[in-house]
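Asker:
2 protein chains.
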Amino acid sequence: MSPTLPDALAVMVDIFHEYASKDGNAHSLNKGEFKEMINAQFPHVFENSTDKEGIQKLMIDLDSDKSGEIDFSEYMTFLASLAVVCNEYLLESMKGFQDKNSRKH
Amino acid sequence: MSPTLPDALAVMVDIFHEYASKDGNAHSLNKGEFKEMINAQFPHVFENSTDKEGIQKLMIDLDSDKSGEIDFSEYMTFLASLAVVCNEYLLESMKGFQDKNSRKH
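The listed protein sequences correspond, in order, to chains A and B. Residues in the first sequence are numbered consecutively from 1, following UniProt numbering. Residues in the second sequence are numbered consecutively from 1, following UniProt numbering.
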């Protein structure tokens, strides 16, 4: 059976807790936990040394209440933004595919 | 291997397109597509006849730009809110479990 939306939500909740609970506080990701999560889950996004600053900058941008940590709601805002980008990319690819196909006729 | 965050994001994007593209416009869920998606993905949430109004009300609440349809970003806001509720429920359960365990000592 294909994975459902509740399955996908459970993965997001579980992964947050896997990293957030490392310091004993399961409510938020501290700087180390956030870096560890990003490197493990999105290994190709921040690969080179320049991008170490990228993770730091990303964390500052996401930390909307300026608590110094990423809480669950900030983490979900991040994932929702990533999904929007993936979706736009997919729509563009579909459009390109359709344009290509319509030119054939 | 456990599912990753990119896997979970792909499920969300795929399911949106599965339902949104039924009317030929893959950019948003119309009323029928939204109902079909909710009933298929969350079958126990809106089960009885009173809740048919619930789906309608939910759709109006989510449709923040009042376009009459749910676009991808509104869909992600919905999923993010659901995830926050699931997470709070999980944290409460963990707390209950810890309290129960600490009373044993």
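Where a beta carbon is used, it is the ideal one built from N, C-alpha and C, also for glycine. No experiment lies behind these values; they were computed from the predicted model shown.
What does the alpha-carbon distance come out to for the pair Asp71/A and Glu36/B?
Answerer: Roughly 32 Å separates the two Cα atoms.
Asker: My understanding is that Met12/B touches Ala83/A, with C-beta atoms under 8 Å, so please give their C-beta distance in whole angstroms.
Answerer: Right, their Cβ atoms sit about 6 Å apart.
Asker: Starting from Lys35/A, follow the alpha helix (DSSP H) in both directions and report where the run begins and ends.
Answerer: Lys35/A -> alpha helix (DSSP H) spans 31 to 41.
Asker: Output the boundary residues of the alpha helix (DSSP H) element that contains Pro6/A.
Answerer: Residues 5 to 20.
Asker: Quick one: is Ser28/A buried, meaning 16 or more other Cβ sit within 10 Å of its Cβ, or exposed?
Answerer: Counting Cβ neighbours within 10 Å, Ser28/A comes out buried, since at least 16 surround it.
Asker: Going along chain B in order, which residues have a C-beta closer than 9 Å to the C-beta of Gln56/A?
Answerer: Ordered by position in chain B, no residue passes the 9 Å Cβ test against Gln56/A, which lies about 20 Å from the chain.
Asker: Let me confirm a value: Asn87/A is counted as buried when at least 16 other C-beta atoms fall within 10 Å, else exposed. Which label applies?
Answerer: Label assigned to Asn87/A: buried.
Asker: Express the C-alpha separation of Ser93/A and residue 134/B in angstroms, rounding to a whole number.
Answerer: Outside the displayed span of chain B (1 to 105) sits residue 134/B, for which this structure offers no information.
Asker: Looking only at its chain, what residues have a beta carbon closer than 8 Å to the beta carbon of Leu62/A, apart from the 5 residues adjacent to it on each side?
Answerer: For Leu62/A, where only same-chain residues beyond five positions count, the Cβ hits under 8 Å are Ile70, Glu74, Tyr75, Thr77, Phe78.
Asker: What does Leu82/B touch in chain A if you count any residue whose Cβ is under 7 Å from its own?
Answerer: Here the neighbours are Leu9.
Asker: Please classify Phe34/B: is it buried, with 16 or more other beta-carbons within 10 angstroms of its beta-carbon, or exposed?
Answerer: Buried.
Asker: Thinking just about the alpha-carbon of each residue, which of Asn30/B, Gly96/B, Phe97/B is nearest to the one in Lys66/B?
Answerer: Answer by Cα proximity: Asn30/B.
Asker: Is there at least one non-hydrogen atom of the ligand SAM closer than 7 Å to the beta-carbon of Met76/A?
Answerer: As presented, the structure is devoid of all ligands, the ligand SAM included, so that no description of it is given.
Asker: Could one say the Cβ of Asn25/A lies closer than 8 Å to chain B's Cβ atoms, at least one of them?
Answerer: Cβ-Cβ to chain B under 8 Å: no for Asn25/A.
Asker: What does DSSP give as the partner residue(s) for Ser28/A in the beta ladder?
Answerer: For Ser28/A, which the question treats as bridged, DSSP gives the partners Asp71/A.
Asker: What residues of chain B sit near Ile15/A, judged by a beta carbon separation below 7 Å?
Answerer: Residues of chain B passing the Cβ test: Leu5.
Asker: Rounded to whole angstroms, what's the CA-CA distance from Tyr89/A to Phe97/B? Just pull it up for me.
Answerer: Near 43 Å, if we compare the C-alpha coordinates of Phe97/B and Tyr89/A.
Asker: Between Gln41/B and the rest of its own chain, which residues show a CB-CB distance below 8 Å, the 5 nearest in sequence each way excluded?
Answerer: Answer for Gln41/B: Ile15, listed in chain order.
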